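**Student:**
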Amino acid sequence: MVTGEPGSDSIVDRVYEQLKSMAIQFEFKPGERLNEGDISKRLGVSRTPLREALNRLKTEGFLRFSPGKGFFCRELDAHDIFDLYELRKAIEVAAVRLAVKRARDEDIDDLLAFLDATGPDPGERTTMELVALDEKFHEGLMATSGNAEMLRVLRNINARIRFVRWIDMDRINRSKTQSEHRAVLLSLKERNEEACAALLQTHIDRRFDEINASIKEGYAQIYMPVAAVTRR
1 MVTGEPGSDS
11 IVDRVYEQLK
21 SMAIQFEFKP
31 GERLNEGDIS
41 KRLGVSRTPL
51 REALNRLKTE
61 GFLRFSPGKG
71 FFCRELDAHD
81 IFDLYELRKA
91 IEVAAVRLAV
101 KRARDEDIDD
111 LLAFLDATGP
121 DPGERTTMEL
131 VALDEKFHEG
141 LMATSGNAEM
151 LRVLRNINAR
161 IRFVRWIDMD
171 RINRSKTQSE
181 HRAVLLSLKE
191 RNEEACAALL
201 QTHIDRRFDE
211 INASIKEGYA
221 QIYMPVAAVT
231 RR
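The sequence shown begins at 1 in UniProt numbering and counts up one residue at a time.
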(Lines of atoms letter the chains of each structure in order from A; the text may use other names.)
(Lines give C-alpha, C1' and ligand atoms only; values in the text may rest on other atoms or scores of the structure.)
Protein backbone atom coordinates (compact mmCIF):
# COMPACT_ATOMS: atom_id res chain seq x y z
CA MET A 1 0.00 0.00 0.00
CA VAL A 2 1.23 3.49 -0.80
CA THR A 3 2.08 5.50 2.30
CA GLY A 4 1.86 9.21 2.92
CA GLU A 5 5.64 9.74 2.94
CA PRO A 6 7.67 10.68 -0.17
CA GLY A 7 5.54 12.52 -2.68
CA SER A 8 2.65 12.61 -0.21
CA ASP A 9 1.29 15.85 -1.67
CA SER A 10 0.86 14.20 -5.07
CA ILE A 11 -0.75 11.16 -3.43
CA VAL A 12 -3.24 13.38 -1.60
CA ASP A 13 -4.00 15.24 -4.83
CA ARG A 14 -4.61 11.96 -6.66
CA VAL A 15 -6.86 10.60 -3.93
CA TYR A 16 -8.67 13.94 -3.72
CA GLU A 17 -9.41 13.94 -7.46
CA GLN A 18 -10.58 10.31 -7.39
CA LEU A 19 -12.89 10.87 -4.41
CA LYS A 20 -14.16 14.16 -5.81
CA SER A 21 -15.14 12.43 -9.05
CA MET A 22 -16.90 9.69 -7.07
CA ALA A 23 -18.74 12.26 -4.93
CA ILE A 24 -19.80 14.37 -7.94
CA GLN A 25 -21.20 11.29 -9.67
CA PHE A 26 -22.86 10.02 -6.48
CA GLU A 27 -21.00 6.70 -6.58
CA PHE A 28 -21.65 6.94 -2.86
CA LYS A 29 -25.38 7.05 -2.12
CA PRO A 30 -26.76 10.32 -0.69
CA GLY A 31 -26.30 10.30 3.09
CA GLU A 32 -24.15 7.14 2.96
CA ARG A 33 -21.40 6.84 5.56
CA LEU A 34 -18.01 6.38 3.90
CA ASN A 35 -16.07 3.33 5.02
CA GLU A 36 -12.51 4.64 5.19
CA GLY A 37 -11.03 1.16 5.44
CA ASP A 38 -12.75 -0.02 2.28
CA ILE A 39 -11.87 3.16 0.39
CA SER A 40 -8.25 2.93 1.53
CA LYS A 41 -8.00 -0.59 0.09
CA ARG A 42 -9.88 0.34 -3.08
CA LEU A 43 -7.59 3.29 -3.86
CA GLY A 44 -4.41 1.63 -2.59
CA VAL A 45 -3.47 4.35 -0.11
CA SER A 46 -2.92 4.63 3.62
CA ARG A 47 -5.32 6.37 5.97
CA THR A 48 -3.21 9.56 6.26
CA PRO A 49 -3.50 10.85 2.65
CA LEU A 50 -7.06 9.52 2.51
CA ARG A 51 -8.06 11.53 5.59
CA GLU A 52 -6.39 14.67 4.16
CA ALA A 53 -8.36 14.28 0.92
CA LEU A 54 -11.62 13.65 2.81
CA ASN A 55 -11.15 16.76 4.93
CA ARG A 56 -10.47 18.83 1.84
CA LEU A 57 -13.67 17.57 0.22
CA LYS A 58 -15.60 18.30 3.38
CA THR A 59 -14.31 21.88 3.38
CA GLU A 60 -15.34 22.29 -0.26
CA GLY A 61 -18.88 21.01 0.37
CA PHE A 62 -18.66 17.63 -1.37
CA LEU A 63 -18.85 15.60 1.85
CA ARG A 64 -20.09 16.22 5.35
CA PHE A 65 -18.52 15.13 8.64
CA SER A 66 -20.21 14.07 11.85
CA PRO A 67 -17.98 13.95 14.97
CA GLY A 68 -17.69 10.41 16.26
CA LYS A 69 -19.41 9.00 13.18
CA GLY A 70 -17.20 9.94 10.24
CA PHE A 71 -17.62 11.24 6.71
CA PHE A 72 -20.86 11.03 4.76
CA CYS A 73 -21.86 11.60 1.16
CA ARG A 74 -23.76 14.87 0.80
CA GLU A 75 -27.50 14.69 0.34
CA LEU A 76 -29.02 15.57 -3.02
CA ASP A 77 -31.06 18.39 -1.50
CA ALA A 78 -33.22 20.75 -3.58
CA HIS A 79 -32.74 23.68 -1.18
CA ASP A 80 -28.96 23.30 -1.24
CA ILE A 81 -28.90 23.08 -5.05
CA PHE A 82 -31.21 26.09 -5.34
CA ASP A 83 -28.85 28.07 -3.06
CA LEU A 84 -25.92 27.09 -5.29
CA TYR A 85 -27.78 28.24 -8.40
CA GLU A 86 -28.53 31.57 -6.70
CA LEU A 87 -24.85 31.91 -5.81
CA ARG A 88 -23.84 30.99 -9.35
CA LYS A 89 -26.17 33.62 -10.78
CA ALA A 90 -24.96 36.31 -8.36
CA ILE A 91 -21.27 35.67 -8.98
CA GLU A 92 -21.53 35.30 -12.76
CA VAL A 93 -23.58 38.48 -13.16
CA ALA A 94 -21.17 40.39 -10.90
CA ALA A 95 -18.22 39.06 -12.90
CA VAL A 96 -19.72 39.97 -16.27
CA ARG A 97 -20.20 43.55 -15.04
CA LEU A 98 -16.46 43.60 -14.33
CA ALA A 99 -15.80 42.01 -17.72
CA VAL A 100 -17.62 44.86 -19.50
CA LYS A 101 -14.86 47.13 -18.19
CA ARG A 102 -11.93 44.71 -18.35
CA ALA A 103 -12.42 42.10 -21.09
CA ARG A 104 -10.11 42.26 -24.08
CA ASP A 105 -11.75 42.16 -27.49
CA GLU A 106 -9.52 39.26 -28.52
CA ASP A 107 -10.71 37.19 -25.55
CA ILE A 108 -14.35 37.87 -26.45
CA ASP A 109 -13.57 36.89 -30.04
CA ASP A 110 -12.00 33.64 -28.80
CA LEU A 111 -15.25 32.80 -26.97
CA LEU A 112 -17.28 33.59 -30.08
CA ALA A 113 -14.99 31.29 -32.04
CA PHE A 114 -15.51 28.61 -29.38
CA LEU A 115 -19.28 28.86 -29.95
CA ASP A 116 -18.75 28.56 -33.71
CA ALA A 117 -16.51 25.52 -33.25
CA THR A 118 -18.84 23.69 -30.86
CA GLY A 119 -21.99 24.65 -32.78
CA PRO A 120 -25.68 24.66 -31.85
CA ASP A 121 -26.18 20.97 -32.65
CA PRO A 122 -25.35 18.47 -29.88
CA GLY A 123 -24.33 15.94 -32.51
CA GLU A 124 -23.03 12.67 -31.07
CA ARG A 125 -21.74 14.24 -27.87
CA THR A 126 -22.58 12.59 -24.56
CA THR A 127 -24.44 14.41 -21.79
CA MET A 128 -21.17 14.71 -19.87
CA GLU A 129 -19.44 16.28 -22.87
CA LEU A 130 -22.24 18.81 -23.37
CA VAL A 131 -22.15 19.87 -19.72
CA ALA A 132 -18.35 20.15 -19.91
CA LEU A 133 -18.65 22.44 -22.96
CA ASP A 134 -21.19 24.61 -21.17
CA GLU A 135 -18.98 24.87 -18.08
CA LYS A 136 -16.01 25.76 -20.28
CA PHE A 137 -17.98 28.60 -21.85
CA HIS A 138 -19.17 30.06 -18.55
CA GLU A 139 -15.75 29.72 -16.93
CA GLY A 140 -14.16 31.34 -19.99
CA LEU A 141 -16.66 34.17 -19.78
CA MET A 142 -15.84 34.69 -16.11
CA ALA A 143 -12.11 34.61 -16.85
CA THR A 144 -12.57 37.77 -18.93
CA SER A 145 -13.41 39.60 -15.68
CA GLY A 146 -9.80 39.15 -14.57
CA ASN A 147 -10.90 37.96 -11.12
CA ALA A 148 -9.23 34.62 -10.35
CA GLU A 149 -11.01 34.20 -7.00
CA MET A 150 -14.45 34.50 -8.60
CA LEU A 151 -13.40 31.89 -11.14
CA ARG A 152 -12.24 29.55 -8.38
CA VAL A 153 -15.62 29.84 -6.64
CA LEU A 154 -17.51 29.24 -9.90
CA ARG A 155 -15.54 26.05 -10.54
CA ASN A 156 -16.50 24.77 -7.10
CA ILE A 157 -20.17 25.61 -7.72
CA ASN A 158 -20.11 23.95 -11.13
CA ALA A 159 -18.70 20.75 -9.66
CA ARG A 160 -21.32 20.68 -6.88
CA ILE A 161 -24.28 21.12 -9.26
CA ARG A 162 -22.86 18.98 -12.05
CA PHE A 163 -24.95 15.90 -11.29
CA VAL A 164 -28.16 17.94 -11.56
CA ARG A 165 -26.93 19.56 -14.76
CA TRP A 166 -26.34 16.12 -16.30
CA ILE A 167 -30.03 15.44 -15.69
CA ASP A 168 -31.12 18.84 -16.99
CA MET A 169 -29.03 18.63 -20.15
CA ASP A 170 -31.43 16.09 -21.66
CA ARG A 171 -34.20 18.70 -21.51
CA ILE A 172 -32.23 21.68 -22.75
CA ASN A 173 -32.54 23.08 -26.27
CA ARG A 174 -28.87 23.47 -27.14
CA SER A 175 -29.59 25.75 -30.09
CA LYS A 176 -31.41 28.16 -27.76
CA THR A 177 -28.64 27.94 -25.17
CA GLN A 178 -25.94 28.69 -27.72
CA SER A 179 -27.97 31.61 -29.05
CA GLU A 180 -28.21 33.03 -25.52
CA HIS A 181 -24.45 32.57 -25.06
CA ARG A 182 -23.82 34.50 -28.26
CA ALA A 183 -26.18 37.33 -27.24
CA VAL A 184 -24.29 37.71 -23.95
CA LEU A 185 -20.95 37.90 -25.79
CA LEU A 186 -22.19 40.41 -28.35
CA SER A 187 -23.54 42.71 -25.63
CA LEU A 188 -20.23 42.29 -23.80
CA LYS A 189 -18.33 43.29 -26.93
CA GLU A 190 -20.55 46.36 -27.24
CA ARG A 191 -19.75 47.16 -23.57
CA ASN A 192 -23.46 47.29 -22.80
CA GLU A 193 -23.34 46.44 -19.10
CA GLU A 194 -27.06 46.40 -18.32
CA ALA A 195 -28.02 44.33 -21.36
CA CYS A 196 -25.17 41.91 -20.78
CA ALA A 197 -26.02 41.42 -17.09
CA ALA A 198 -29.75 41.02 -17.80
CA LEU A 199 -29.18 38.48 -20.56
CA LEU A 200 -26.85 36.40 -18.41
CA GLN A 201 -29.16 36.52 -15.39
CA THR A 202 -32.12 35.28 -17.44
CA HIS A 203 -29.96 32.57 -18.98
CA ILE A 204 -28.82 31.19 -15.60
CA ASP A 205 -32.02 31.70 -13.58
CA ARG A 206 -33.71 28.54 -12.29
CA ARG A 207 -36.98 28.10 -10.40
CA PHE A 208 -37.11 25.97 -7.26
CA ASP A 209 -39.76 23.66 -8.73
CA GLU A 210 -37.51 22.95 -11.74
CA ILE A 211 -34.63 22.05 -9.45
CA ASN A 212 -36.88 19.94 -7.25
CA ALA A 213 -38.07 17.96 -10.28
CA SER A 214 -34.45 17.36 -11.31
CA ILE A 215 -33.58 16.19 -7.80
CA LYS A 216 -36.40 13.63 -7.87
CA GLU A 217 -35.18 12.33 -11.20
CA GLY A 218 -31.64 12.30 -9.83
CA TYR A 219 -32.62 10.06 -6.94
CA ALA A 220 -34.36 7.71 -9.37
CA GLN A 221 -31.18 7.47 -11.44
CA ILE A 222 -28.91 6.98 -8.43
CA TYR A 223 -30.94 4.04 -7.20
CA MET A 224 -31.47 2.45 -10.61
CA PRO A 225 -29.53 -0.80 -11.19
CA VAL A 226 -27.49 0.91 -13.94
CA ALA A 227 -25.32 3.70 -12.53
CA ALA A 228 -26.47 7.22 -13.32
CA VAL A 229 -23.03 8.10 -14.63
CA THR A 230 -23.24 5.67 -17.57
CA ARG A 231 -25.10 8.28 -19.58
CA ARG A 232 -25.62 8.55 -23.31
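Positions of the beta carbon are idealized from the N, C-alpha and C atoms, including for glycine.
No experiment lies behind these values; they were computed from the predicted model shown.
Just verifying my parser: in three-state terms, what is the DSSP assignment at SER66?
**Tutor:** SER66: strand per DSSP, three-state reduction.
**Student:** Could you say which of ARG47, LYS29, PHE28, SER175 lies nearest to GLY37 if we only look at CA atoms?
**Tutor:** Checking every option, the nearest Cα to that of GLY37 belongs to ARG47.
**Student:** Specify the secondary structure class of PHE72 as computed by DSSP and reduced to three states.
**Tutor:** Looking at PHE72 - three-state DSSP - the assignment turns out to be strand.
**Student:** Which same chain residues, not among the five before or five after SER214, have their C-beta less than 7 angstroms away from its C-beta?
**Tutor:** Here the set comprises VAL164, ILE167, ASP168.
**Student:** For THR144, is the classification buried or exposed, using 16 other Cβ atoms within 10 angstroms of its Cβ as the cut-off for buried?
**Tutor:** The residue in question, THR144, is buried, as its Cβ has 16 or more Cβ neighbours within 10 Å.
**Student:** Give me, in chain order, the residues of the same chain whose beta-carbon lies closer than 6 angstroms to that of ARG155; leave out the 5 immediate sequence neighbours on both sides.
**Tutor:** No residues qualify anywhere along the chain.
**Student:** On a CA-only basis, which of GLY68, SER10, ILE211 is nearest ARG171? Give me that one, please.
**Tutor:** Among GLY68, SER10, ILE211, the Cα nearest to that of ARG171 belongs to ILE211.
**Student:** What is the rounded straight-line gap between the Cα of ALA53 and the Cα of VAL15?
**Tutor:** Roughly 6 angstroms separates the two Cα atoms.
**Student:** Starting from the N-terminal side, write out each stretch of the alpha helix (DSSP H) that is 4 residues or longer and does not extend beyond the region 126 to 176.
**Tutor:** Fully enclosed alpha helix (DSSP H) runs of 4 or longer: 127 to 143, 148 to 169.
**Student:** Whose C-alpha, out of ARG160, VAL12, ALA198, is nearest the C-alpha of LEU50?
**Tutor:** Per the Cα distances, VAL12.
**Student:** Take ARG97 and list the residues in its own chain whose beta-carbon comes closer than 7 angstroms to its own, dropping the five residues that flank it on each side.
**Tutor:** Cβ within range, chain order: GLU193, ALA197.
**Student:** Taking the C-alpha atoms as reference points, what is the distance between LEU112 and SER10?
**Tutor:** Distance between the alpha carbons of LEU112 and SER10 is about 36 angstroms.
**Student:** Beta-carbon within less than 7 angstroms of MET150's beta-carbon, same chain only, minus the 5 sequence neighbours each way: which residues are those?
**Tutor:** Once the five neighbours on either side are set aside, the close Cβ partners of MET150 are ILE91, ALA95, MET142.
**Student:** According to DSSP, is ARG191 part of a helix, a strand, or is it coil?
**Tutor:** ARG191 falls in the coil class under three-state DSSP.
**Student:** Are the region 65 to 81 and the region 114 to 123 in contact at 8 angstroms, needing three or more beta carbon pairs?
**Tutor:** No, the region 65 to 81 does not touch the region 114 to 123.
**Student:** Rounded C-beta distance between ILE108 and LEU188? I'm assuming under 8 angstroms.
**Tutor:** Between LEU188 and ILE108 the Cβ distance is about 6 angstroms, and since that is below 8 angstroms, they are a contact.
**Student:** Skipping 5 residues on each side, what residues in its chain have a beta carbon closer than 7 angstroms to that of ARG162?
**Tutor:** Only ILE24, VAL131 meet the Cβ criterion.
**Student:** At the level of alpha carbons, what is the spacing between LEU57 and LYS20?
**Tutor:** If you take the alpha carbons of LEU57 and LYS20, they lie about 7 angstroms apart.
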